[in-house]
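**Q** The sequence shown begins at 1 in UniProt numbering and counts up one residue at a time.
Here's a structure for you.
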Amino acid sequence: MLYPDCKQVLKTLHQHYKIGIIANQLPNLQARLGRFGIDSWIDLVISSADVGLAKPDLAIFELALQQANCLAEGAVMIGDRLDNDILPAKQLGMQTIWIRQGFSHLNHVTNPAEAPDWTVDNLTEILEILG
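So, in C-alpha cells, the structure goes:
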C-alpha cells in the first residue's frame, strides 16, 4: 500500500530531480514498484537482496550515489528510519529529510548524529522543502 499523495509527490519531484530508492528488500523490488504504478518516476533502485548490501552499511549508499553519478553533497536522503536512513546519509555528507509516517512517528531524535536537516509528517511536506 502506498501513502496518500505518493504518486503526486513522486511525479512532481521527478520533474526536477533524479529519484532513487535504497531499500532493505527482497528481490524483484523494481517489479513491485511497477505494480504500484510508480516505477516511471524512479530512476534508480538499489535493493539489498540484489546487491548483497543492506542499510545502514555506507557501501549501499555509496553504490547508489555512484550509479546515480551524484556526489553526496548533491543528494537528499528521505527516510523514515533515523538509524538506517538518516544517520548513514549524514555520515556521507548528504542532506536528510526524516519522514515521520508509519511507526516512525513514535520515534524521537536522541542521538545528535541522527538529527535530520528537516523533519516532515507526510510526503506532501517534502514539496515545501524541495518543490
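Glycine residues also receive a C-beta, built at the ideal position from the N, C-alpha and C atoms.
Whole angstroms is fine: what's the gap from residue 3's alpha carbon to residue 114's?
**A** By 1-based counting over the sequence shown, the position of residue 3 is 3. By 1-based counting over the sequence shown, the position of residue 114 is 114. Residue 3 and residue 114: Cα-Cα distance of roughly 24 Å.
**Q** Rounded to the nearest angstrom, what separates residue 101 and residue 121 at their Cα positions?
**A** As a first step, residue 101 must be located in the sequence shown, where it is residue number 101. As a first step, residue 121 must be located in the sequence shown, where it is residue number 121. Using only the alpha carbons, I get a separation of about 6 Å.
**Q** Give me the residue from 125, 118, 111 and 47 with the minimum Cα distance to residue 67.
**A** Mapped onto the sequence shown, residue 67 falls at position 67. The candidate whose alpha carbon is nearest that of residue 67 is 47.
**Q** Given that a residue counts as buried once 16 or more other Cβ atoms are within 10 Å of its Cβ, and exposed if not, what is residue 29?
**A** Walking along the sequence shown from the start, residue 29 turns up at place 29. Buried.
**Q** Beta carbon of residue 61, beta carbon of residue 23: below 8 Å?
**A** To locate residue 61, count along the sequence shown from 1; it is residue 61. To locate residue 23, count along the sequence shown from 1; it is residue 23. No, Cβ-Cβ distance for residue 61 and residue 23 is not below 8 Å.
**Q** Which ranges does the alpha helix (DSSP H) cover as unbroken runs of at least 4 residues, wholly within the region 40 to 121, from first to last along the chain?
**A** Within the region 40 to 121, the complete alpha helix (DSSP H) runs of at least 4 residues are 48 to 51, 58 to 68 and 87 to 92.
**Q** Within 10 angstroms of its Cβ, does residue 106 collect 16 or more other Cβ (buried), or is it exposed?
**A** For the purposes of this step, residue 106 is identified with residue 106 of the sequence shown, where counting begins at 1. Answer is exposed; the Cβ neighbour count stays below 16.
**Q** Check residue 126 in the structure and name its three-state DSSP category.
**A** Along the sequence shown, read from residue 1 onward, the residue named residue 126 stands at position 126. DSSP places residue 126 in helix when its eight states are reduced to three.
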